[in-house]
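Data block below; observations after.
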Amino acid sequence: MSRQYPSITPYDNDRLWKLCQTFEIHVPGIGLIRIMGGFVCDFGSVPPWAWPVVGHPLDIPCMTGYLIHDAFYSVKLVSRKNADLALRYLLHEYGAGQIRTATIYSVVRVFGRFPWCHRKASSARAARRYVHLH
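Residue numbers for the sequence shown follow the numbering used here, so the first one is 20 and each next one is one higher.
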């Protein structure tokens, strides 16, 4: 896989980021994910106190995985498990390392249920104009 990196800009505050241009990536077993420019996310919802353990959310090995994971959680085009597996795959492919990848994957499996289950339907509908699966 050739590595692609999203182009982003700060949005609204220091925790949200806006995708500057359309970003596409193929994830085996899921397909081609296209995220249109303008999509806003927080790149993993990683609190600052956890950065020493898992790294900053915008670290190159994590950035693409977090973007795809945030997009999937925003629109629920795949199951939660497949969204989490896509994150794990991209962390591994982009060189996050085994321990970091396993730690991040374990955390999203344990704590990702709340944001997955409490996503407002109106938020998901709004995000669907930005996120497409082919």
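Here a beta-carbon is modelled for each residue, glycine too, at the ideal position from N, C-alpha and C. Quantities reported herein were computed from a predicted structural model and do not represent experimental measurements.
Between the beta-carbon of residue i and the beta-carbon of residue j, is there less than 8 Å?
i	j	result
residue 72	residue 122	yes
residue 133	residue 86	no
residue 81	residue 110	yes
residue 127	residue 106	yes
Once DSSP output is grouped into helix, strand and coil, what is the label at residue i?
i	result
residue 128	helix
residue 136	helix
residue 65	coil
residue 30	strand
residue 104	helix
residue 59	strand
residue 52	strand
residue 111	helix
residue 46	strand
Pull up the CB-CB distance for residue i and residue j, whole angstroms please, since I reckon it's below 8 Å.
i	j	result
residue 24	residue 83	6 Å
residue 93	residue 142	7 Å
Comparing the CB of residue i with every heavy atom of the ligand NAD, is any distance shorter than 7 Å?
i	result
residue 122	As presented, the structure is devoid of all ligands, the ligand NAD included, so that no description of it is given.
Skipping 5 residues on each side, what residues in its chain have a beta carbon closer than 7 Å to that of residue i?
i	result
residue 102	88, 91 and 92
> Does the pairing of the segment 45-52 with the segment 73-82 give three or more beta-carbon distances under 8 Å?
Replying inline: no
> Would you call the segment 129-149 and the segment 52-71 in contact, with 3 or more CB pairs under 8 Å?
Replying inline: The segment 129-149 and the segment 52-71 touch, with no fewer than 3 CB-CB distances between them shorter than 8 Å.
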